[in-house]
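Trainee: Per our numbering: the sequence shown = residues 8 to 104.
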Amino acid sequence: MTYEEQLDLWVEGKPIHNKKREECCPDFSCCNIDLLAPLDERIAFKNANEDVRLSMLGTFLGRLLERQGHEVITSMDEELINNLKRDRDSNNKRRTQ
Ligand SMILES: [Zn+2]
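1. When burial is assigned at 16 or more other CB atoms within 10 Å of the CB, is residue 49 buried or exposed?
2. To the nearest angstrom, report how far apart residue 90 and residue 96 are at their CA atoms.
3. Name the residue from 57, 94, 52 and 101 whose alpha carbon lies nearest to the alpha carbon of residue 33.
4. Out of 47, 98, 22 and 75, which one is the CA nearest neighbour of residue 63?
5. Based on the DSSP output, what are the partners of residue 25 in its beta bridges?
6. List in chain order the residues whose CB is within less than 5 Å of at least one heavy atom of ligand 1.
7. Taking just the CA atoms, how far does residue 40 sit from residue 75?
8. Would you mind sorting residue 38 into buried or exposed? The rule is 16 or more other CB atoms within 10 Å of its CB.
9. Less than 8 Å between the CB atoms is what I'm expecting for residue 43 and residue 70, so what's the real figure, rounded?
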C-alpha cells in the first residue's frame, strides 16, 4: 500500500495501518479508532500543503498524547508562546550587551 492509497482510504473513513511501511494514518486512528478525525479535517489534510499537513500532524499527535493522559501545550496557546518569545528575546539582549 502506498502512502497515497492509505491516505485515500483514511479520508473515506477506513483507517488502515500501513504494515509495509509500518506507518500510522495521520491521526493514528488505524491503531486507536477513537482518534479518527472528523471528515472535514481528513479532507483538509489531504488537500493541504506540507506546512499545513505538519501543523495538523502536530494537532493529531497532541490528541493522542492527551488521550494517554499527558498535558499538551500547542501553538494555539498564544499567550504562553508570546511569553516564551519575550524570555528568549531578553536573553538574547543580555548576551549581546
Ligand atoms: Zn497505526
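We put the beta carbon where it would ideally sit given N, CA and C, even for glycine.
Mentor: If we stick to the structure as given:
1. Reading the sequence shown from its first residue, position 42 is the one you call residue 49. Answer is buried; the Cβ neighbour count reaches 16.
2. Numbered from its first residue, the sequence shown carries residue 90 at position 83. Numbered from its first residue, the sequence shown carries residue 96 at position 89. Whole-angstrom Cα-Cα distance: 10 Å.
3. The residue given as residue 33 occupies position 26 in the sequence shown. Selected option, being the one with the closest Cα: 52.
4. Residue numbering aside, residue 63 sits at position 56 when the sequence shown is read from its first letter. Measuring from the Cα of residue 63, the nearest candidate turns out to be 47.
5. For the purposes of this step, residue 25 is taken as the residue at position 18 of the sequence shown. Its beta-bridge partners are 30.
6. 24, 31, 37 and 38
7. As a position in the sequence shown, residue 75 is number 68, starting the count at 1. As a position in the sequence shown, residue 40 is number 33, starting the count at 1. Going from the Cα of residue 75 to the Cα of residue 40 covers about 14 Å.
8. Start at 1 with the first residue of the sequence shown, and residue 38 comes out as number 31. Classification for residue 38: exposed.
9. By 1-based counting over the sequence shown, the position of residue 43 is 36. By 1-based counting over the sequence shown, the position of residue 70 is 63. Residue 43 to residue 70, Cβ: 10 Å. No contact.
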